[in-house]
Structure formats: C-alpha cells, structure tokens
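Chemist: Before anything else, here's the structure in question.
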Amino acid sequence: MSKKQKQQPQAPAALPKLPKLVAKHGIELRGLYPEDAPTIYALHNALSASECASLLAYLQSNCPLTRVAHAQTKSIAWRDVDRVEFVSPQLSAAVWAAVAAPLRSGLPARTTRGGVPEGLNAKWRVYRYKEGQGFGPHYDEEDACPATARASCYTLLLYLNDVAAGGETVFYRSRGREVAAVTPEQGLVVVHAQGPDCLLHEGRPVGRGCEKWLLRSDVLAAEAPAEEAEEPEEGGAE
Numbered sequence: 000m001s002k003k004q005k006q007q008p009q010a011p012a013a014l015p016k017l018p019k020l021v022a023k024h025g026i027e028l029r030g031l032y033p034e035d036a037p038t039i040y041a042l043h044n045a046l047s048a049s050e051c052a053s054l055l056a057y058l059q060s061n062c063p064l065t066r067v068a069h070a071q072t073k074s075i076a077w078r079d080v081d082r083v084e085f086v087s088p089q090l091s092a093a094v095w096a097a098v099a100a101p102l103r104s105g106l107p108a109r110t111t112r113g114g115v116p117e118g119l120n121a122k123w124r125v126y127r128y129k130e131g132q133g134f135g136p137h138y139d140e141e142d143a144c145p146a147t148a149r150a151s152c153y154t155l156l157l158y159l160n161d162v163a164a165g166g167e168t169v170f171y172r173s174r175g176r177e178v179a180a181v182t183p184e185q186g187l188v189v190v191h192a193q194g195p196d197c198l199l200h201e202g203r204p205v206g207r208g209c210e211k212w213l214l215r216s217d218v219l220a221a222e223a224p225a226e227e228a229e230e231p232e233e234g235g236a237e
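At position 140 of the sequence shown the residue is numbered 139 (numbering that gives the first Met the number 0), and the sequence of numbers has no breaks.
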C-alpha cells in the first residue's frame, strides 16, 4: 500500500473573529520602479504596530504552518518557507478597508485587465521565513477569481514584523540588474504587477536569529471588455 501524499495544512473553515483594522489618514502609495510608469509600489504604515501584533497573534493561533522546501530546477525557483494557504473573505474585507483609498487613487488601471482595483482575493497565504529560509528569483502569474468575476492584476504583500537582517524582497530587470530592494518593515504593504508586467523578484534568505512574517493576496480588478476582433483585410494574412 502506497503512502498517502502529505497534504498542505489548511486554516480552520470558520476562523474566530478577526482583529479590527482601521484605514489611516495621510498615507500615500509610492512608486518604486520605474519612475515614469511604476509597476512596484510601497505603502508604509498601512497597519499600525498594534494591528500587526494582533493580526500576527491571530494567525499564529489559528493557522498551523508546514514547511515547503525544494531545490532550484530549470522551471521552479528554490524555496524554503513555513506556510499555509486558506480562503477568508473576512480577512480580505478587513485588509482592503485599511488600504483601499490609497490603492484606488494610486494604482493605474492595468492595460491587460482594465478597470480600477475593487478588492482583494479571498485566497491568502501566510509565510514565515526563518533564518536561512527564502524564495529564489521567480515571476507571479495573474490569477482568475471566478467567484467574484474579477481577475488579479497585482500581488499584495503585507509585512507583519521588522526584520533586522536579510529577508529583503528584491526586483530585477534583464541580466540580473537590481532595480528595487524592499526591507521588511512592520505594517508595510508592497504591491507589484503580475503577468506580463511582473519583474523577476526574490525573497532573500533571512539573517541570523531573525524571522519574517508576511501575508500574501492579490489585488482584483474587473475584467476589461473584450475588444471586438478587427476584420481581416481582403486576401487575409500570411
């Protein structure tokens, strides 16, 4: 009899009441790269220290993690992380309420999707990176959300604690040229484009004696209406 494949642990179907998150006044979305038409943005102090601490304690109590580790291959980036994935519309609503205003006013409509940001994907990942753990260079793909008739256009990363050494999220252009490096900072939200506009990026290994905790979701926008196909010229195309 063959061994059953070990399943990724899931958060409980019904999570206890979430900590309350409040929208902050005076915070602005800042474009990191490129200057003329950013695809990477940072929103500092999106959550307060107490909100991050409460949310982290909530996740630690209700969302058991498992280690996921694999070596680099031709098609898969190396990775070593403790994580869990779960669906929570309540968490999406709570975080969106805290970040909606600056994201709606600061994020341009993606040409591949159209429409302004309308919310967050209910699918969440909790990541804990301990000393030496990280995530090699990779790209983020767009993700459809049939339940809401929306499609993802940006990845949203919410950092829940400061990291004294390592753990930076680093973005690259062609030939490995570093163009942006984000230091993990409590309450920071980083938003970056997915799909064809996504830059190669990695999570550098966390330094000695440190941990990095973050939440990941997707910013959703309404699907752009499909453009009517142009009629081919007489004679057709080759």
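The C-beta atom is built at its ideal place from N, Cα and C for all residues, glycine as well.
Who are the Cβ neighbours of Ala-93 in its own chain at under 7 Å, not counting the five residues just before and after it?
Modeler: Leu-17 and Leu-20
Chemist: Just grab the DSSP bridge partners of Arg-103 for me.
Modeler: DSSP, once it has assigned bridges, lists no residue as partnering Arg-103.
Chemist: Within its chain, find whatever has a CB closer than 8 Å to the CB of Leu-219; leave out the 5 residues flanking it on each side and keep chain order.
Modeler: Around Leu-219: Pro-116, Glu-117, Gly-118, Leu-119, Asn-120, Cys-144, Thr-147, Arg-149, Ala-150, Ser-151 and Cys-152.
Chemist: Quick one: Cα of Ser-60 to Cα of Tyr-171, how far?
Modeler: 36 Å
Chemist: Using C-beta distances below 8 Å, list every residue in its chain close to Ala-180, excluding the 5 sequence neighbours before and after it, in chain order.
Modeler: Annotation for Ala-180: Glu-167, Thr-168, Val-169 and Phe-170 place their beta carbon closer than 8 Å to its own, counting only its chain and skipping 5 residues before and after.
Chemist: Based on the DSSP secondary-structure assignment, which residues constitute the bridge partners of Cys-144?
Modeler: Arg-149
Chemist: Could you work out which residue in Val-190, Val-205, Val-80 and Ala-164 is closest to Gly-105 when comparing CA atoms only?
Modeler: Val-190
Chemist: Rounded to the nearest angstrom, what separates Arg-174 and Leu-199 at their Cα positions?
Modeler: 10 Å
Chemist: Grab the span of the beta strand (DSSP E) containing Tyr-171 for me, first residue to last.
Modeler: Unbroken beta strand (DSSP E) run through Tyr-171: 168-171.
Chemist: Let me make sure I understand the geometry here. Which of Val-188, Gly-206 and Thr-65 has the alpha-carbon closest to that of Ser-216?
Modeler: Val-188
Chemist: Identify the residues that DSSP records as bridge partners of His-24: which are they?
Modeler: Answer by DSSP bridge pairing: none, since His-24 is not bridged.
Chemist: Per DSSP, what kind of secondary structure is Ser-74 in: helix, strand or coil?
Modeler: coil
Chemist: Gly-25 to Asn-44, Cα distance in whole Å?
Modeler: Cα to Cα, the separation comes out at about 10 Å.
Chemist: Could you tell me whether the Cβ atoms of Leu-159 and Gln-185 are closer together than 9 Å?
Modeler: yes
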